[in-house]
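A short worksheet on the structure shown next.
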Amino acid sequence: MNIHDLARHLNISIGTVSRALNGRADVSGETRKRVLDAAKRLGYSPNQSGRSLRRGATGMVGFMVIANRARALKGEAFFMTIFDGLQSVLAKHSLDLVIYYCGADQNPETYVKRIVQRRLVDGLIISQTTRIDHRIDYLIRQDLPFIAFGRSRSGGEHSWLDLDFESVAAQSIDHLYRNGHRRIAVATTSDDVNFGQVYLEACRAELASRDIRLTDELIIRGSMSEAGGYNIAERLLALENRPTAVVVVENSMAIGLYSKLHEAGVPPGRDIAVVGFDRSLTNGLFLKPSLTQFSLSLVDLGCWLGEHLLELIEAKRKGSPIPFARKIWPLEMVVGGSTMSLPASGDADSLETSPPEQKSHFKLGARPTEASV
């Protein structure tokens with residue numbers, strides 16, 4: 148039943164029914180009660196699209212995810228945890244979270260334009276930002292509050308949140324250097340996702356600060372998947388002068404790396420040190436030996452996204468200055484058995500592994516850092 152049917156049933160005008168349903172003061176209490184009782188009894192459901200257009204709000208917030216077929220299940224697990232924190236904030240304000248899943252064969256910029264032009268949401272979060280991301284350039288020109296989950300070289304002032312890849316690189320290189328490693332490889336992404344480049348450059352800078360040059364042969368690129376990590380291990384093992392350690396930008400890659408290293412009889416933590424990344428996606432503690440990696444709270448990260456997006460939406464509603472914010476989210480190293488100390492003699496049989504798990508001495512503190520702009 149629609150509003151026309153309800154008005155016809157009650158034999159009153161559509162305008163009167165609309166005003167009664169929306170609690171307008173120019174409708175008598177008796178008429179309002181009659182309309183509401185009939186709507187409930189007859190199962191009337193308002194046209195939300197029409198109401199949204201009239202009110203200028205949808206009551207929904209969007210989160211855009213770009214499909215990665217190589218790691219679909221694990222990728223979705225990462226975002227699902229963020230969604231949990233985000234929805235917990237939105238629910239307090241009677242807002243709903245809508246996931247927009249951009250297929251691997253779709254153009255992300257075209258996809259975003261469709262969301263905006265159809266006025267489907269009150270605010271939007273985009274993820275998996277690229278070095279030059281035209282979605283950001285487009286959204287800055289639109290009257291829609293948005294946050295980029297990831298940095299980019301695109302666009303002017305806008306809000307974004309990203310993981311602290313620089314600190315992860317600093318902690319990883321420092322830990323390996325203190326354990327005697329000098330020939331360290333970097334396993335990063337083969338696509339244009341910006342965090343892979345940010346991480347690579349941070350590792351390069353950390354090594355350079357210790358007078359170590361990161362040569363091209365020690366930069367190994369692969370897909371963000373177990374297969375990608377397996378292929379990276381094959382290429383590392385084929386090097387004439389094999390590195391003693393490798394840092395990996397994503398943990399599903401680390402699983403594939405482990406698989407190939409064990410298969411080749413070059414066990415991690417004994418013949419080569421391995422440092423992973425985010426334990427919230429793939430808990431490397433279950434690998435043998437346990438993976439040295441980093442911890443963070445994705446639920447808290449999702450809460451921050453929700454709270455700040457609400458600030459942007461409210462500022463737009465009031466016509467207030469936009470409270471742009473940038474946040475670098477901290478991670479803390481958890482040392483596992485995959486990073487051994489190199490003996491001065493170079494005798495592989497005397498290598499010592501780290502304790503199964505311990506918190507690193509290198510930490511940023513309990514709270515995220517934030518810079519408002």
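Per our numbering, residue 148 is the first one in the sequence shown, and the count goes up by one each step. Glycine included, each C-beta is placed from N, C-alpha and C at the ideal position.
So G453 and V236 are in contact, right, with Cβ under 8 Å, and what is the actual spacing, rounded?
3 Å
Under three-state DSSP, which class holds I331?
strand
Quick check: the stretch 434–454 against the stretch 390–404, are there 3 or more CB pairs under 8 Å?
yes
Just to check my reading of the structure: V421 and V395 have Cβ atoms closer than 8 Å, yes? What is that Cβ distance to the nearest angstrom?
7 Å
Name, in chain order, the residues that DSSP records as bridge partners for A420.
A392
Helix, strand or coil: how does DSSP classify E255 here?
Before going further, note that residue 255 is Pro rather than Glu in the sequence given. Note: P255 maps to helix in three-state DSSP.
Residue closest to L242, alpha-carbon to alpha-carbon, out of Q253, R261, I262, D269:
D269
Residue environment, D309, which counts as buried when at least 16 other CB atoms sit within 10 Å
buried
Just verifying my parser: in three-state terms, what is the DSSP assignment at S372?
coil
Would the stretch 251–260 and the stretch 206–217 be scored as touching if the rule is three or more Cβ pairs under 8 Å?
yes
If A411 sits next to I379, beta carbons under 8 Å apart, how far is it from one beta carbon to the other, in whole angstroms?
The Cβ separation is near 13 Å, so there is no contact.
By Cβ distance, which residues of its chain are closer than 8 Å to I283, with the 5 residues on each side in sequence left out?
I273, T276, A295, S299, S301, G302, H305
What residue from V259, L271, L267 has the CA that sits closest to H281's CA?
V259
Quick check for students: name the residue ranges of the beta strand (DSSP E) that lie wholly in the stretch 216–301, counting only runs of 3 or more.
243–249, 270–274, 293–296
Coil, strand or helix - R166 by DSSP:
helix
Name the DSSP beta bridge partners of D309, please?
I475
If you measure between the beta carbons of C450 and G170, is that distance less than 8 Å?
no
Can you name the residues that DSSP bridges to T439?
V422
Closer than 8 Å is the cut-off here; do at least three beta carbon pairs connect the stretch 364–383 with the stretch 324–332?
yes
Which residue's Cα is closest to the Cα of Q289: G297, I262, F312?
I262
Thinking C-beta only, is G375 closer than 8 Å to F342?
no
Per-residue DSSP class, three states only, for V174
coil
Which one of L291, V182, Q318 has the shortest CA to CA distance from R265?
L291
When burial is assigned at 16 or more other CB atoms within 10 Å of the CB, is G162 buried or exposed?
exposed
Does the beta-carbon distance from F293 to A349 come in below 8 Å?
no
Measure from the alpha carbon of R464 to the alpha carbon of each residue in D184, A204, G190, Y191, then state which is nearest.
A204
Does any residue of chain B bring its CB to less than 8 Å from the CB of V212?
Within the model displayed, chain B is absent; a lone protein chain is all it includes.
Would you kindly work out how many angstroms separate the C-alpha atoms of V103 and G206, rounded to a whole number?
The structure shown does not extend to residue 103, since the chain is modelled only from 148 to 520, so the question has no answer here.
Using a Cβ-Cβ cut-off of 7 Å (strictly less than) and excluding sequence neighbours within five positions of Y324, which residues of its own chain qualify?
R357
Can you give the beta carbon distance from S160 to A154, rounded, assuming they're within the 8 Å contact cut?
6 Å
Helix, strand or coil at G453 [DSSP, three-state]:
helix
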